[in-house]
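In the numbering used here, the protein residues as written are 290 to 731.
From the three backbone atoms N, C-alpha and C, an ideal C-beta is built for every residue, glycine too.
Please read these numbers as outputs of a predicted model, since none were measured by experiment.
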Amino acid sequence: MFRSGNWLHPSLLNIWHYHKPPVTFWITSLGFQLFGVNAFGARFFLQISLIAQGALVYGIAHRLFRPSATENSSDRLRPLLATLIYLSLPLSILGARNLTTDSFLTTLVLATVYCMSAYYCQRQVWGIYGSALAIGIGFLTKGLAIFVVPFFFWFYLMLAHKENYRVPIYHLLEACVLCVGIGLSWYVYVSGEVSGLADYFIGKQVVARVTDDQAFDRAKPFWYYPLILVTTTLPWGFLYAANWLRFGRNQRQSKLQNTETRQLSIYWLLLPLVIFSLSSSKLMLYLLPIYPGIALVLACSLANFVPSTLKGITRIFFGFYELIGGLALFGVLIAQRLGADIVVSWPMIAIALFLLLIPPIVCLILRSPPLRISVMAFLCTMTITLYGSYFLQANELLLGGTRPLAQFIKTQGLQDQPVLVYNKLLPSLAFNLDRDIITLDD
(Lines of atoms letter the chains of each structure in order from A and count residues from 1; the text may use other names and numbers.)
(Lines give C-alpha, C1' and ligand atoms only; values in the text may rest on other atoms or scores of the structure.)
Protein backbone atom coordinates (compact mmCIF):
# COMPACT_ATOMS: atom_id res chain seq x y z
CA MET A 1 0.00 0.00 0.00
CA PHE A 2 2.81 2.37 0.90
CA ARG A 3 4.72 1.83 -2.35
CA SER A 4 1.71 1.72 -4.69
CA GLY A 5 -0.47 4.35 -3.05
CA ASN A 6 -3.46 1.99 -3.36
CA TRP A 7 -4.84 2.09 0.17
CA LEU A 8 -8.14 0.31 -0.53
CA HIS A 9 -7.06 -2.90 -2.28
CA PRO A 10 -4.40 -4.74 -0.23
CA SER A 11 -2.03 -7.20 -1.89
CA LEU A 12 0.43 -9.82 -0.67
CA LEU A 13 3.31 -10.71 -3.02
CA ASN A 14 1.39 -8.92 -5.79
CA ILE A 15 -1.76 -11.01 -5.24
CA TRP A 16 -4.97 -9.29 -4.11
CA HIS A 17 -5.29 -10.02 -0.39
CA TYR A 18 -8.70 -9.35 1.19
CA HIS A 19 -8.04 -11.82 4.01
CA LYS A 20 -8.11 -9.03 6.61
CA PRO A 21 -9.75 -5.58 6.71
CA PRO A 22 -7.37 -2.69 6.06
CA VAL A 23 -6.88 -0.76 9.33
CA THR A 24 -3.74 -2.68 10.37
CA PHE A 25 -2.32 -2.16 6.86
CA TRP A 26 -3.08 1.56 7.00
CA ILE A 27 -1.42 1.96 10.40
CA THR A 28 1.68 0.06 9.23
CA SER A 29 1.89 2.11 6.05
CA LEU A 30 1.82 5.23 8.20
CA GLY A 31 4.74 3.80 10.18
CA PHE A 32 6.69 3.39 6.92
CA GLN A 33 5.85 6.97 5.99
CA LEU A 34 7.25 8.24 9.30
CA PHE A 35 10.25 5.94 9.84
CA GLY A 36 10.99 4.26 6.52
CA VAL A 37 10.49 0.68 5.32
CA ASN A 38 12.08 -1.15 8.23
CA ALA A 39 11.09 -3.26 11.22
CA PHE A 40 10.96 -0.24 13.53
CA GLY A 41 8.52 1.52 11.22
CA ALA A 42 6.40 -1.60 10.92
CA ARG A 43 6.22 -2.17 14.68
CA PHE A 44 6.18 1.40 15.99
CA PHE A 45 2.40 1.73 16.32
CA LEU A 46 2.18 -1.72 17.89
CA GLN A 47 4.12 -0.30 20.85
CA ILE A 48 1.80 2.72 20.97
CA SER A 49 -1.08 0.26 20.93
CA LEU A 50 0.36 -1.63 23.91
CA ILE A 51 0.82 1.61 25.89
CA ALA A 52 -2.79 2.52 25.08
CA GLN A 53 -3.92 -0.89 26.31
CA GLY A 54 -2.19 -0.34 29.64
CA ALA A 55 -3.83 3.08 30.02
CA LEU A 56 -7.25 1.69 29.13
CA VAL A 57 -6.92 -1.20 31.59
CA TYR A 58 -6.14 1.37 34.29
CA GLY A 59 -9.15 3.49 33.28
CA ILE A 60 -11.53 0.51 33.18
CA ALA A 61 -10.37 -0.71 36.60
CA HIS A 62 -10.79 2.80 38.02
CA ARG A 63 -14.37 2.99 36.75
CA LEU A 64 -15.40 -0.54 37.72
CA PHE A 65 -13.73 -0.60 41.13
CA ARG A 66 -14.55 2.88 42.37
CA PRO A 67 -12.69 3.46 45.67
CA SER A 68 -14.68 4.09 48.81
CA ALA A 69 -13.71 5.58 52.14
CA THR A 70 -13.77 2.12 53.79
CA GLU A 71 -11.28 0.52 51.40
CA ASN A 72 -7.72 -0.19 52.48
CA SER A 73 -4.62 0.97 50.62
CA SER A 74 -4.33 -2.31 48.67
CA ASP A 75 -7.86 -1.89 47.32
CA ARG A 76 -7.03 1.60 46.06
CA LEU A 77 -4.05 0.13 44.22
CA ARG A 78 -6.24 -2.13 42.07
CA PRO A 79 -6.13 0.01 38.87
CA LEU A 80 -2.33 0.22 39.04
CA LEU A 81 -2.04 -3.49 39.85
CA ALA A 82 -4.28 -4.39 36.92
CA THR A 83 -2.11 -2.34 34.54
CA LEU A 84 1.16 -3.84 35.78
CA ILE A 85 -0.29 -7.35 35.64
CA TYR A 86 -1.59 -6.92 32.10
CA LEU A 87 1.75 -5.57 30.88
CA SER A 88 3.53 -8.52 32.52
CA LEU A 89 1.42 -11.21 30.82
CA PRO A 90 3.61 -12.81 28.12
CA LEU A 91 0.86 -12.87 25.48
CA SER A 92 0.30 -9.12 25.83
CA ILE A 93 3.95 -8.47 24.96
CA LEU A 94 3.96 -11.12 22.24
CA GLY A 95 0.98 -9.42 20.60
CA ALA A 96 2.91 -6.15 20.42
CA ARG A 97 6.01 -7.84 18.98
CA ASN A 98 4.20 -9.53 16.07
CA LEU A 99 2.69 -7.50 13.26
CA THR A 100 -0.85 -8.92 13.28
CA THR A 101 -4.31 -7.45 13.73
CA ASP A 102 -4.69 -8.80 17.27
CA SER A 103 -2.94 -6.09 19.28
CA PHE A 104 -4.80 -3.31 17.47
CA LEU A 105 -8.07 -5.24 17.89
CA THR A 106 -7.44 -5.59 21.64
CA THR A 107 -6.86 -1.84 21.94
CA LEU A 108 -10.19 -1.18 20.23
CA VAL A 109 -11.94 -3.79 22.39
CA LEU A 110 -10.61 -2.04 25.49
CA ALA A 111 -11.62 1.36 24.10
CA THR A 112 -15.15 0.00 23.59
CA VAL A 113 -15.28 -1.41 27.12
CA TYR A 114 -13.94 1.84 28.58
CA CYS A 115 -16.58 3.89 26.77
CA MET A 116 -19.31 1.47 27.86
CA SER A 117 -18.11 1.83 31.46
CA ALA A 118 -18.13 5.61 31.12
CA TYR A 119 -21.78 5.60 30.09
CA TYR A 120 -23.22 2.81 32.22
CA CYS A 121 -21.20 3.51 35.39
CA GLN A 122 -21.15 7.33 35.27
CA ARG A 123 -23.82 8.09 32.60
CA GLN A 124 -21.42 10.09 30.45
CA VAL A 125 -23.16 10.36 27.08
CA TRP A 126 -19.95 10.53 25.07
CA GLY A 127 -19.42 6.89 26.04
CA ILE A 128 -22.27 5.88 23.70
CA TYR A 129 -20.62 7.46 20.68
CA GLY A 130 -17.14 6.40 21.74
CA SER A 131 -18.32 2.79 21.84
CA ALA A 132 -19.86 3.10 18.39
CA LEU A 133 -16.69 4.64 16.96
CA ALA A 134 -14.41 1.97 18.50
CA ILE A 135 -16.64 -0.88 17.30
CA GLY A 136 -16.81 0.57 13.79
CA ILE A 137 -13.02 0.88 13.55
CA GLY A 138 -12.66 -2.54 15.17
CA PHE A 139 -14.87 -4.06 12.46
CA LEU A 140 -12.47 -2.54 9.92
CA THR A 141 -9.62 -4.16 11.84
CA LYS A 142 -10.80 -7.73 12.35
CA GLY A 143 -14.46 -8.06 11.49
CA LEU A 144 -16.85 -9.75 13.90
CA ALA A 145 -14.16 -10.43 16.53
CA ILE A 146 -14.69 -6.89 17.85
CA PHE A 147 -18.10 -7.87 19.26
CA VAL A 148 -17.17 -10.88 21.44
CA VAL A 149 -15.78 -9.30 24.63
CA PRO A 150 -17.95 -6.10 24.56
CA PHE A 151 -21.09 -8.25 24.13
CA PHE A 152 -20.41 -10.26 27.28
CA PHE A 153 -19.09 -7.21 29.14
CA TRP A 154 -22.50 -5.58 28.60
CA PHE A 155 -24.11 -8.54 30.38
CA TYR A 156 -21.55 -8.19 33.16
CA LEU A 157 -22.54 -4.56 33.67
CA MET A 158 -26.21 -5.44 33.72
CA LEU A 159 -26.03 -8.52 35.96
CA ALA A 160 -23.04 -7.91 38.25
CA HIS A 161 -23.05 -4.11 38.48
CA LYS A 162 -26.85 -3.86 38.22
CA GLU A 163 -26.55 -0.89 35.88
CA ASN A 164 -29.56 0.63 34.14
CA TYR A 165 -29.49 -0.81 30.62
CA ARG A 166 -31.54 1.96 28.99
CA VAL A 167 -30.00 4.25 26.37
CA PRO A 168 -31.93 7.27 25.00
CA ILE A 169 -33.33 6.19 21.65
CA TYR A 170 -32.00 9.17 19.67
CA HIS A 171 -28.47 8.60 21.01
CA LEU A 172 -28.76 4.89 20.23
CA LEU A 173 -29.90 5.50 16.63
CA GLU A 174 -27.18 8.06 15.96
CA ALA A 175 -24.54 5.75 17.44
CA CYS A 176 -25.76 2.81 15.32
CA VAL A 177 -25.56 4.91 12.14
CA LEU A 178 -22.02 5.98 13.08
CA CYS A 179 -20.95 2.40 13.85
CA VAL A 180 -22.47 0.82 10.74
CA GLY A 181 -21.31 3.65 8.48
CA ILE A 182 -17.69 3.26 9.56
CA GLY A 183 -17.66 -0.51 9.98
CA LEU A 184 -19.16 -1.42 6.59
CA SER A 185 -17.62 1.40 4.52
CA TRP A 186 -14.60 -0.47 3.15
CA TYR A 187 -16.46 -3.76 2.68
CA VAL A 188 -19.20 -2.07 0.64
CA TYR A 189 -16.71 -0.11 -1.46
CA VAL A 190 -14.41 -3.00 -2.42
CA SER A 191 -17.35 -5.36 -2.95
CA GLY A 192 -18.67 -2.89 -5.51
CA GLU A 193 -15.25 -2.71 -7.15
CA VAL A 194 -14.47 -6.46 -7.27
CA SER A 195 -17.03 -9.03 -8.37
CA GLY A 196 -17.62 -11.89 -5.91
CA LEU A 197 -16.00 -10.21 -2.89
CA ALA A 198 -19.26 -10.04 -0.93
CA ASP A 199 -19.65 -13.81 -1.18
CA TYR A 200 -15.99 -14.21 -0.16
CA PHE A 201 -16.41 -12.04 2.95
CA ILE A 202 -19.55 -13.87 4.09
CA GLY A 203 -18.91 -17.41 2.89
CA LYS A 204 -15.15 -17.70 3.41
CA GLN A 205 -14.26 -15.21 6.12
CA VAL A 206 -17.30 -15.76 8.35
CA VAL A 207 -19.00 -19.11 7.70
CA ALA A 208 -15.94 -21.17 6.71
CA ARG A 209 -13.80 -19.68 9.47
CA VAL A 210 -16.31 -20.89 12.05
CA THR A 211 -17.35 -24.24 10.54
CA ASP A 212 -14.55 -25.56 8.30
CA ASP A 213 -11.46 -26.97 10.03
CA GLN A 214 -9.44 -26.97 6.81
CA ALA A 215 -10.44 -23.56 5.42
CA PHE A 216 -7.40 -21.76 6.82
CA ASP A 217 -5.27 -24.70 8.05
CA ARG A 218 -5.76 -23.44 11.60
CA ALA A 219 -7.60 -26.37 13.15
CA LYS A 220 -6.39 -27.19 16.66
CA PRO A 221 -7.36 -29.86 19.25
CA PHE A 222 -9.81 -29.05 22.03
CA TRP A 223 -7.03 -28.64 24.60
CA TYR A 224 -5.14 -26.03 22.54
CA TYR A 225 -6.65 -22.90 24.08
CA PRO A 226 -6.54 -24.20 27.70
CA LEU A 227 -2.86 -25.03 27.19
CA ILE A 228 -2.22 -21.54 25.79
CA LEU A 229 -3.97 -19.95 28.77
CA VAL A 230 -1.86 -21.91 31.25
CA THR A 231 1.49 -21.31 29.57
CA THR A 232 0.99 -17.62 28.67
CA THR A 233 -0.20 -16.51 32.10
CA LEU A 234 2.76 -17.87 34.08
CA PRO A 235 3.53 -17.15 36.83
CA TRP A 236 0.19 -15.40 37.33
CA GLY A 237 -1.60 -18.69 36.80
CA PHE A 238 -0.54 -19.67 40.35
CA LEU A 239 -2.33 -16.61 41.70
CA TYR A 240 -5.43 -17.29 39.60
CA ALA A 241 -5.55 -20.86 40.91
CA ALA A 242 -5.11 -19.55 44.43
CA ASN A 243 -8.10 -17.27 43.96
CA TRP A 244 -10.38 -20.16 43.02
CA LEU A 245 -8.96 -22.97 45.14
CA ARG A 246 -7.39 -23.31 48.58
CA PHE A 247 -6.05 -19.76 49.07
CA GLY A 248 -9.36 -18.25 47.99
CA ARG A 249 -10.66 -18.78 51.52
CA ASN A 250 -7.85 -16.62 52.92
CA GLN A 251 -8.99 -13.31 51.49
CA ARG A 252 -10.09 -10.08 53.14
CA GLN A 253 -12.63 -9.26 50.45
CA SER A 254 -16.33 -9.24 51.20
CA LYS A 255 -18.79 -11.76 49.81
CA LEU A 256 -20.03 -9.09 47.38
CA GLN A 257 -16.51 -8.39 46.09
CA ASN A 258 -15.80 -12.10 45.71
CA THR A 259 -19.02 -12.61 43.73
CA GLU A 260 -18.23 -9.68 41.45
CA THR A 261 -14.71 -11.01 40.79
CA ARG A 262 -16.06 -14.42 39.87
CA GLN A 263 -18.68 -12.88 37.60
CA LEU A 264 -15.97 -10.87 35.85
CA SER A 265 -14.12 -14.15 35.28
CA ILE A 266 -17.23 -15.69 33.78
CA TYR A 267 -18.17 -12.81 31.47
CA TRP A 268 -14.71 -11.65 30.35
CA LEU A 269 -12.82 -14.96 30.40
CA LEU A 270 -15.00 -18.06 30.36
CA LEU A 271 -17.79 -17.12 27.95
CA PRO A 272 -15.53 -15.43 25.34
CA LEU A 273 -13.20 -18.44 25.60
CA VAL A 274 -16.15 -20.70 24.75
CA ILE A 275 -16.92 -18.59 21.67
CA PHE A 276 -13.31 -18.62 20.49
CA SER A 277 -13.12 -22.38 21.09
CA LEU A 278 -16.22 -23.01 18.96
CA SER A 279 -14.51 -21.45 15.95
CA SER A 280 -12.62 -23.87 13.75
CA SER A 281 -9.90 -21.28 13.10
CA LYS A 282 -7.64 -21.07 16.16
CA LEU A 283 -4.44 -19.13 16.72
CA MET A 284 -2.75 -18.17 19.99
CA LEU A 285 -3.16 -14.40 19.60
CA TYR A 286 -6.91 -14.73 19.00
CA LEU A 287 -7.20 -14.99 22.80
CA LEU A 288 -5.51 -11.64 23.45
CA PRO A 289 -8.76 -9.63 24.06
CA ILE A 290 -9.60 -11.77 27.11
CA TYR A 291 -6.27 -11.09 28.86
CA PRO A 292 -7.25 -7.64 30.20
CA GLY A 293 -10.12 -9.39 32.00
CA ILE A 294 -7.64 -11.83 33.52
CA ALA A 295 -5.54 -8.88 34.71
CA LEU A 296 -8.57 -7.22 36.35
CA VAL A 297 -9.50 -10.40 38.21
CA LEU A 298 -5.92 -10.96 39.34
CA ALA A 299 -5.65 -7.35 40.55
CA CYS A 300 -8.75 -7.78 42.73
CA SER A 301 -7.43 -11.05 44.13
CA LEU A 302 -3.95 -9.69 44.79
CA ALA A 303 -5.32 -6.66 46.62
CA ASN A 304 -7.36 -8.84 48.97
CA PHE A 305 -5.13 -11.76 49.92
CA VAL A 306 -4.06 -11.94 53.56
CA PRO A 307 -0.36 -11.30 54.35
CA SER A 308 0.54 -14.98 54.79
CA THR A 309 -0.81 -15.84 51.35
CA LEU A 310 0.96 -12.86 49.77
CA LYS A 311 4.22 -14.01 51.33
CA GLY A 312 3.86 -17.45 49.73
CA ILE A 313 2.98 -15.94 46.33
CA THR A 314 6.00 -13.63 46.53
CA ARG A 315 8.25 -16.65 47.03
CA ILE A 316 6.72 -18.37 44.00
CA PHE A 317 7.29 -15.32 41.79
CA PHE A 318 10.82 -14.83 43.15
CA GLY A 319 11.74 -18.44 42.41
CA PHE A 320 10.07 -18.42 38.98
CA TYR A 321 11.93 -15.36 37.69
CA GLU A 322 15.24 -16.47 39.22
CA LEU A 323 14.79 -19.76 37.35
CA ILE A 324 14.13 -17.90 34.08
CA GLY A 325 17.17 -15.71 34.70
CA GLY A 326 19.33 -18.75 35.36
CA LEU A 327 18.15 -20.42 32.16
CA ALA A 328 18.77 -17.22 30.19
CA LEU A 329 22.31 -16.99 31.53
CA PHE A 330 23.48 -20.60 31.84
CA GLY A 331 21.02 -22.50 29.63
CA VAL A 332 22.24 -21.02 26.34
CA LEU A 333 25.89 -21.36 27.39
CA ILE A 334 25.40 -25.04 28.28
CA ALA A 335 23.51 -25.64 25.02
CA GLN A 336 26.34 -23.98 23.10
CA ARG A 337 28.95 -26.15 24.86
CA LEU A 338 26.90 -29.25 24.02
CA GLY A 339 27.13 -28.42 20.32
CA ALA A 340 23.96 -26.45 19.66
CA ASP A 341 24.36 -23.90 16.88
CA ILE A 342 23.47 -20.94 19.13
CA VAL A 343 25.19 -17.56 19.18
CA VAL A 344 25.49 -15.97 22.64
CA SER A 345 26.19 -12.22 22.65
CA TRP A 346 27.49 -10.04 25.48
CA PRO A 347 24.23 -8.04 25.67
CA MET A 348 22.39 -11.34 26.28
CA ILE A 349 24.70 -12.15 29.20
CA ALA A 350 24.39 -8.64 30.67
CA ILE A 351 20.59 -8.67 30.42
CA ALA A 352 20.39 -12.16 31.99
CA LEU A 353 22.49 -10.95 34.94
CA PHE A 354 20.20 -7.93 35.35
CA LEU A 355 17.17 -10.25 35.28
CA LEU A 356 18.64 -12.24 38.18
CA LEU A 357 19.02 -9.02 40.18
CA ILE A 358 15.49 -7.68 39.70
CA PRO A 359 13.59 -9.90 42.22
CA PRO A 360 15.88 -9.25 45.22
CA ILE A 361 16.13 -5.52 44.47
CA VAL A 362 12.34 -5.14 44.16
CA CYS A 363 11.80 -7.08 47.40
CA LEU A 364 14.24 -4.79 49.20
CA ILE A 365 12.79 -1.53 47.90
CA LEU A 366 9.01 -2.07 47.91
CA ARG A 367 7.11 -2.71 51.13
CA SER A 368 3.60 -3.28 49.77
CA PRO A 369 3.35 -7.03 48.95
CA PRO A 370 0.80 -6.63 46.10
CA LEU A 371 2.83 -3.85 44.50
CA ARG A 372 6.07 -5.80 45.06
CA ILE A 373 4.72 -8.84 43.20
CA SER A 374 3.29 -6.78 40.32
CA VAL A 375 6.37 -4.60 39.82
CA MET A 376 8.63 -7.66 39.96
CA ALA A 377 6.57 -9.38 37.25
CA PHE A 378 6.41 -6.24 35.09
CA LEU A 379 10.15 -5.49 35.21
CA CYS A 380 11.12 -9.13 34.68
CA THR A 381 8.78 -9.49 31.69
CA MET A 382 10.18 -6.35 30.06
CA THR A 383 13.73 -7.60 30.67
CA ILE A 384 12.90 -11.03 29.20
CA THR A 385 11.47 -9.25 26.16
CA LEU A 386 14.72 -7.31 25.73
CA TYR A 387 16.72 -10.53 26.11
CA GLY A 388 14.53 -12.22 23.50
CA SER A 389 15.17 -9.40 21.04
CA TYR A 390 18.96 -9.83 21.32
CA PHE A 391 18.63 -13.63 21.13
CA LEU A 392 16.55 -13.42 17.95
CA GLN A 393 18.94 -10.88 16.46
CA ALA A 394 21.95 -13.12 17.12
CA ASN A 395 20.24 -16.31 15.88
CA GLU A 396 17.95 -15.01 13.14
CA LEU A 397 18.99 -17.45 10.40
CA LEU A 398 18.72 -20.41 12.77
CA LEU A 399 15.14 -19.43 13.61
CA GLY A 400 14.02 -18.96 10.01
CA GLY A 401 14.47 -15.20 9.62
CA THR A 402 15.09 -13.91 6.09
CA ARG A 403 17.12 -10.80 6.90
CA PRO A 404 20.48 -12.67 6.75
CA LEU A 405 19.41 -14.10 3.36
CA ALA A 406 18.55 -10.61 2.10
CA GLN A 407 21.92 -9.32 3.33
CA PHE A 408 23.71 -12.17 1.52
CA ILE A 409 21.92 -11.35 -1.75
CA LYS A 410 22.94 -7.70 -1.42
CA THR A 411 26.57 -8.39 -0.51
CA GLN A 412 26.87 -10.67 -3.56
CA GLY A 413 25.61 -7.86 -5.79
CA LEU A 414 22.54 -9.87 -6.80
CA GLN A 415 19.86 -7.45 -5.60
CA ASP A 416 18.97 -6.43 -9.18
CA GLN A 417 18.59 -10.03 -10.40
CA PRO A 418 15.25 -11.89 -10.34
CA VAL A 419 14.68 -13.59 -6.98
CA LEU A 420 12.69 -16.83 -7.19
CA VAL A 421 11.31 -18.57 -4.10
CA TYR A 422 10.34 -22.20 -4.56
CA ASN A 423 7.14 -23.43 -2.92
CA LYS A 424 7.20 -21.06 0.07
CA LEU A 425 5.51 -17.76 0.85
CA LEU A 426 8.25 -15.40 2.01
CA PRO A 427 6.78 -11.89 2.15
CA SER A 428 9.45 -11.10 4.77
CA LEU A 429 12.12 -11.58 2.07
CA ALA A 430 10.35 -9.09 -0.21
CA PHE A 431 10.16 -6.74 2.79
CA ASN A 432 13.85 -7.10 3.69
CA LEU A 433 14.89 -6.62 0.05
CA ASP A 434 12.27 -3.88 -0.42
CA ARG A 435 11.45 -5.20 -3.91
CA ASP A 436 9.23 -7.69 -5.71
CA ILE A 437 10.10 -11.39 -5.71
CA ILE A 438 8.69 -14.28 -7.73
CA THR A 439 6.96 -17.17 -5.92
CA LEU A 440 6.88 -20.57 -7.64
CA ASP A 441 3.89 -22.60 -6.44
CA ASP A 442 4.53 -26.30 -7.16
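| Query | Result |
| --- | --- |
| Please report how far the alpha carbon of glycine 348 lies from the alpha carbon of leucine 373, in whole angstroms. | 13 Å |
| Buried or exposed: which applies to serine 570, given that a residue is buried once 16 or more other Cβ atoms fall within 10 Å of its Cβ? | buried |
| Please determine, among Ile640, Ala666, Ile650 and Pro649, the residue with the shortest C-alpha to C-alpha distance to glycine 677. | Ile640 |
| Three-state secondary structure (DSSP) at isoleucine 631? | coil |
| Write down every uninterrupted run of the alpha helix (DSSP H) in the region 542-609 whose length is 4 residues or greater and which is fully enclosed by it, in chain order. | 544-554, 560-567 and 580-593 |
| Tell me the rounded alpha-carbon separation between valine 632 and glycine 615. | 17 Å |
| From what residue to what residue does the beta strand (DSSP E) around tyrosine 711 run? | 709-711 |
| Assuming phenylalanine 436 and tyrosine 556 are in contact, meaning their beta carbons sit under 8 Å apart, how far apart are those beta carbons, in whole angstroms? | The Cβ separation is near 14 Å, so there is no contact. |
| Give me the DSSP bridge partner(s) of tryptophan 305. | Ser300 |
| Out of curiosity, what's the CA-to-CA distance linking serine 300 and proline 578? | 27 Å |
| When the Cα atoms are used, what is the spatial distance from glutamine 322 to glycine 294? | 11 Å |
| Could you check the C-alpha separation between isoleucine 491 and glycine 432 for me, to the nearest Å? | 11 Å |
| List the whole-angstrom C-beta distance separating isoleucine 583 from leucine 558, where the pair is believed to meet the contact cut-off of C-beta under 8 Å. | 6 Å |
| Is DSSP giving threonine 728 helix, strand or coil here? | strand |
| Is the Cβ of isoleucine 613 closer than 8 Å to any Cβ of chain C? | Here there is only one protein chain, and chain C is not present. |
| Which one of Val477, Thr522 and Glu452 has the shortest CA to CA distance from valine 586? | Thr522 |
| Just to confirm before moving on: does the CB-CB distance between isoleucine 638 and threonine 672 stay below 8 Å? | no |
| Verify whether the separation of the beta carbon atoms of leucine 467 and leucine 528 is less than 8 Å. | no |
| Three or more beta-carbon pairs under 8 Å between the region 414-434 and the region 459-474, yes or no? | yes |
| What is the rounded straight-line gap between the Cα of valine 398 and the Cα of glycine 425? | 11 Å |
| When you compare only the Cα positions, how much space is there between proline 561 and serine 568? | 11 Å |
| Going by the beta-carbon positions, is the gap between leucine 302 and alanine 719 smaller than 8 Å? | yes |
| Could you compute how far the alpha carbon of phenylalanine 594 sits from the alpha carbon of arginine 332? | 38 Å |
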